[in-house]
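*Asks:*
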């Protein structure tokens, strides 16, 4: 090295500067070569092998609940609300009185029509007597038959008046009966917006109350076009109605995430898709023997889906990119490669893979944020069974 410096020193100043630059470059190259030789080992990451296991997954859909029968209780006659027999939220039986409208005007109406009926009957009897009187006289040619025909016409008119009066009496009785409003079905009373003394009638837009029969409760939910197509392909049956009948019993998830104890069944689906929502509505029915569910409740309909042999991948072992789900598999020389997968269903912590990975293929479990295609890792094998024991399907 001293000999090299002596040669450089004897050269011209420009040559000396050039030699220093060359030495610096050579020194940098040597240093770079040393760093490459001393690079850290590949990152150790846990890796498991994909395996097919029997599993059941669930799909949840937001639902609105309604009683099997929801009846708006409305007055059939006008008048002042005289009596309220029930309170809001009470359970009533069919035929039980709910409200009473002041009936004095309708009792008077019944009295008037009854009196008119009696007068009409008296006129009918009088006309009948006249016919009876004239009939023998006509037979003996004492009077002309014109008088008898006139009397018979008067009798027919009297009978018509009686029929009309009877109809008026019947109508008055109906109106009087409408002053007491009874429950048409069993159910629970909703809110009562009117108070005693309120003027109510048939022209009011707001009903007296809403009566809900909740022995059975309907849960209405919507299924997207994608879910509907999957449902159509996976469920057995020649028609949609047959496929609906083949669906397993469904569960209802309450707003506090508890499971309603009674299982339900899907009965029907709507005839067409909602153009604005791109979804089709279904109706499930749930028994409600204890009256826990009421009209207006919300929840989620939970539909199970069984997989006899599903490839299970923990959700931690995946990442999303442009609405697709990917995994990193370990290939030759322990290099990782990203692959898209098609998810057929999911549980709380796992995806059930339909396409994109094969049984026995090695998949990186965690540390995906440090990976990219072609990176070499040091696999640390773990078993899928150990993951399933910690967090079951």
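In mature numbering (1 follows the signal peptide of the UniProt record, and there is no 0), the protein residues as written are -34 to -1, 1 to 359.
Glycine included, every Cβ here is placed at the ideal spot set by N, Cα and C.
Looking only at C-alpha atoms, which of 7, 259, 71 and 184 sits nearest to residue 34?
*Replies:* Looking at the Cα atoms, 184 is the closest of the given residues.
*Asks:* Beta carbon of residue 329, beta carbon of residue 292: below 8 Å?
*Replies:* No, the Cβ-Cβ distance between residue 329 and residue 292 is not below 8 Å.
*Asks:* Between residue 301 and residue 341, is the Cβ-Cβ spacing less than 8 Å?
*Replies:* Closer than 8 Å, so yes.
*Asks:* Under 8 Å: do the region 248 to 256 and the region 227 to 235 share three or more Cβ pairs, one atom per stretch?
*Replies:* Taking 8 Å as the limit for Cβ pairs, the verdict is that the region 227 to 235 does touch the region 248 to 256.
*Asks:* Tell me which residues share the same chain as residue 350 and place their Cβ nearer than 6 Å to its Cβ, disregarding the 5 neighbours each side in the sequence.
*Replies:* The answer, listed in chain order, is 14 and 17.
*Asks:* Cα separation between residue 257 and residue 269?
*Replies:* Taking the straight line joining both Cα atoms gives about 23 Å.
*Asks:* Run through DSSP, which three-state label would residue 304 get?
*Replies:* In the structure shown, residue 304 sits in a strand (DSSP, three-state: E or B).
*Asks:* Could you tell me if residue 175 is buried or exposed, where buried requires 16 or more neighbouring beta carbons within 10 angstroms of its beta carbon?
*Replies:* So residue 175 ends up on the buried side.
*Asks:* Please report the straight-line C-alpha distance between residue 167 and residue 49, rounded to a whole angstrom.
*Replies:* Rounded to the nearest angstrom, the two C-alpha atoms are 15 Å apart.
*Asks:* Buried or exposed: which applies to residue 158, given that a residue is buried once 16 or more other Cβ atoms fall within 10 Å of its Cβ?
*Replies:* Classification of residue 158: buried, given that the 10 Å Cβ count is 16 or more.
*Asks:* Which stretch, first to last residue, makes up the beta strand (DSSP E) that contains residue 346?
*Replies:* Unbroken beta strand (DSSP E) run through residue 346: 343 to 347.
*Asks:* Where does residue 180 land, buried or exposed, given buried means 16+ other C-beta within 10 angstroms?
*Replies:* Buried, because 16 or more other Cβ atoms sit within 10 Å of the Cβ of residue 180.
*Asks:* Going by DSSP, what residue range makes up the alpha helix (DSSP H) through residue 79?
*Replies:* Its alpha helix (DSSP H) spans residues 70 to 105.
*Asks:* Just the Cα atoms here: how many angstroms apart are residue 96 and residue 124?
*Replies:* The alpha-carbon atoms of residue 96 and residue 124 are separated by roughly 12 Å.
*Asks:* Please state the DSSP three-state secondary structure of residue 23.
*Replies:* Residue state, collapsed to three classes: strand.
*Asks:* Does residue 364 come out as helix, strand or coil in the three-state DSSP assignment?
*Replies:* The chain is shown from -34 up to 359; residue 364 falls before or after that span and cannot be answered.
*Asks:* Assign residue 343 to one of two classes, buried (16 or more other C-beta atoms within 10 Å of its C-beta) or exposed (fewer than that).
*Replies:* So residue 343 counts as buried.
*Asks:* Whose C-beta lies closer than 7 Å to the C-beta of residue 173 among residues of the same chain, with five residues either side of it excluded?
*Replies:* Excluding positions up to five away in sequence, the list reads 38, 39 and 40.
*Asks:* Just to confirm, is the Cβ distance from residue 288 to residue 316 under 8 Å?
*Replies:* It is not a contact, given that the beta carbons lie outside the stated cut-off.
*Asks:* Using 8 Å for Cβ pairs, my map puts residue 348 next to residue 12. What's the rounded Cβ distance?
*Replies:* Yes, they are in contact, since the Cβ atoms of residue 348 and residue 12 sit about 5 Å apart, within 8 Å.
*Asks:* Would you call residue 277 buried or exposed, if buried means 16 or more other Cβ atoms sit within 10 Å of its Cβ?
*Replies:* Buried, by the Cβ-count rule.
*Asks:* By the three-class DSSP mapping on this structure, what secondary structure does residue 223 have?
*Replies:* Here residue 223 sits in coil by DSSP.
*Asks:* Taking the alpha helix (DSSP H) that residue 191 belongs to, which residues open and close that run?
*Replies:* Start and end: 191 to 200.
*Asks:* For residue 313, which of helix, strand or coil comes out of DSSP?
*Replies:* Residue 313 falls in the coil class under three-state DSSP.
*Asks:* My assumption, with CB atoms under 8 Å, is that residue 261 sits in contact with residue 54. Please give the rounded CB distance.
*Replies:* Not confirmed; about 13 Å, so no contact.
*Asks:* Evaluate contact between the region 63 to 77 and the region 135 to 150, counting only Cβ atoms and requiring at least three cross-stretch pairs below 8 Å.
*Replies:* They touch, by the three-pair rule.
*Asks:* Pick out the complete beta strand (DSSP E) segments inside the region 112 to 166, 3 residues or longer, and give them in chain order.
*Replies:* Runs of the beta strand (DSSP E) inside the region 112 to 166: 146 to 148 and 153 to 155.
*Asks:* Taking the alpha-carbon positions, what's the residue 356 to residue 310 distance?
*Replies:* Cα to Cα, the separation comes out at about 23 Å.
*Asks:* Expressed to the nearest angstrom, what Euclidean distance is found between the alpha-carbon atoms of residue 336 and residue 205?
*Replies:* Using only the alpha carbons, I get a separation of about 50 Å.
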